Amino acid sequence: MKIRLIILGAVASWAVMAGLAEPLPKADGKVSATILPLDAKTAKVKYETATFGLG
Amino acid sequence: MISIDFDPKVLKYEDLLEIFWSAHRCDQINTSRQYMNAVFFHDEAQKKAAEKSKAAAAAKQGVGVEEVQTTIAPVGKFTYAEGYHQKYYLTRFGDIRDILTRTYKTEKELADSTVATRLNAYLGSGMKRDWAVFIKELPDYGMPEELEKALSKAAVRMLDEAK
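Protein chains in written order, with my numbering: chain A, 1 to 55; chain B, 1001 to 1163.
Now the structure itself:
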């Protein structure tokens, strides 16, 4: 019974944390903005992603 | 860190690498991770292109390949910067920035917007851009009328500043 409660508690905590955590955006070559016509048009393009660091 | 989504039919990865190398001294030591000069590759092809471009950049900058401090490493988790870092040049144009902020639902959408990116590039580079092309492009953006008006005003301001 005690073990079942612990497992249930852990699952519930994980579910709450997962729900609260904001999904992190990924650099996946997809443009998400689609509000303006040009955005909607470019959102259909299959982009590649390049990532750089510049000091 | 900057993440660029590009259309490979229009622009090659190698072109971006060339711009990247020309924007910094490759023998400059990276003092902190936050400001390090680095190519973060996404796949094997990008890795090979980056390594190839490193040798070319070293030769162009007159340093040996072994002196190059710029890092070439696999890309990790990319996290968007805070809203006030996004589309930085637009912050000089408060009225335009305000309209864009109202237009997009989230900061991420604004950061991801092609329209906002183009406006940032145009307004940030001042007279280096061809404003005649900009004026021609405007109707294609499909922007709200108030934004188009504000942009026309900004374009005139830029032209006046250049005089």
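Yeah, the Cβ is synthetic: ideal placement off N, Cα and C, and Gly gets one too. Since we're looking at a predicted model, the values are computed, not measured.
Whole-angstrom distance between B/THR1031 and B/ASN1037, CA atom to CA atom: For this step, residue 1037 of chain B is matched to residue 37 along the second sequence. For this step, residue 1031 of chain B is matched to residue 31 along the second sequence. Roughly 10 angstroms separates the two Cα atoms.
From the DSSP output, which residues share a beta bridge with B/PRO1074? If you number the second sequence from 1, residue 1074 of chain B lands on position 74. In DSSP, B/PRO1074 forms a bridge with B/PHE1041.
Run through the stretch 1077 to 1122 of chain B for me and flag every whole beta strand (DSSP E) of 3 or more residues, listed as ranges in chain order. none
How big is the Cα-Cα spacing for B/ALA1154 and B/PHE1093? Indexing the second sequence from 1 puts residue 1154 of chain B at position 154. Indexing the second sequence from 1 puts residue 1093 of chain B at position 93. In a straight line, the C-alpha of B/ALA1154 is about 8 angstroms away from that of B/PHE1093.
Distance, B/VAL1063 Cα to B/GLU1137 Cα: Numbered from 1 along the second sequence, position 137 holds the residue referred to as residue 1137 of chain B. Numbered from 1 along the second sequence, position 63 holds the residue referred to as residue 1063 of chain B. When rounded, the distance between both Cα atoms is 42 angstroms.
Suppose only complete runs of 4+ residues qualify. What are the alpha helix (DSSP H) ranges in the stretch 1021 to 1068 of chain B, listed by chain order? 1044 to 1060
Taking the alpha-carbon positions, what's the B/PRO1008 to A/ALA50 distance? Locating residue 1008 of chain B in the second sequence gives position 8, where the first residue counts as 1. Locating residue 50 of chain A in the first sequence gives position 50, where the first residue counts as 1. Using only the alpha carbons, I get a separation of about 11 angstroms.
Count the CB pairs spanning the stretch 1065 to 1079 of chain B and the stretch 1019 to 1035 of chain B that are closer than 8 angstroms, and state whether there are at least three. yes
Starting from B/ASP1007, find everything on chain A with Cβ-Cβ shorter than 9 angstroms and list it in chain order. Indexing the second sequence from 1 puts residue 1007 of chain B at position 7. Neighbours of B/ASP1007 on chain A, chain order: THR42, VAL45, LYS46, TYR47 and GLU48.
Where B/HIS1085 meets chain A, residues with beta-carbon distance less than 7 angstroms: In the second sequence, the residue the question calls residue 1085 of chain B occupies position 85. What B/HIS1085 touches in chain A: nothing, since even the nearest Cβ is about 13 angstroms away.
With 16 as the cutoff for other CB atoms within 10 Å, does A/LEU24 come out buried or exposed? Against the first sequence, residue 24 of chain A aligns to sequence position 24. Below a pLDDT of 50, predicted positions are generally treated as unreliable, and A/LEU24, at 38, falls in that range; no measurement from the model is reported.
Do B/THR1101 and A/ILE35 count as a contact pair if the criterion is CB distance below 8 angstroms? Here residue 35 of chain A corresponds to residue number 35 of the first sequence, with the count starting at 1. Here residue 1101 of chain B corresponds to residue number 101 of the second sequence, with the count starting at 1. Contact flag unset, no.
Considering Cα atoms alone, identify which of B/GLN1034, B/SER1053, B/ALA1058 and B/ALA1056 is closest to B/PHE1078. For the purposes of this step, residue 1078 of chain B is taken as residue 78 along the second sequence, with counting starting at 1. Minimum Cα distance to B/PHE1078 is reached at B/GLN1034.
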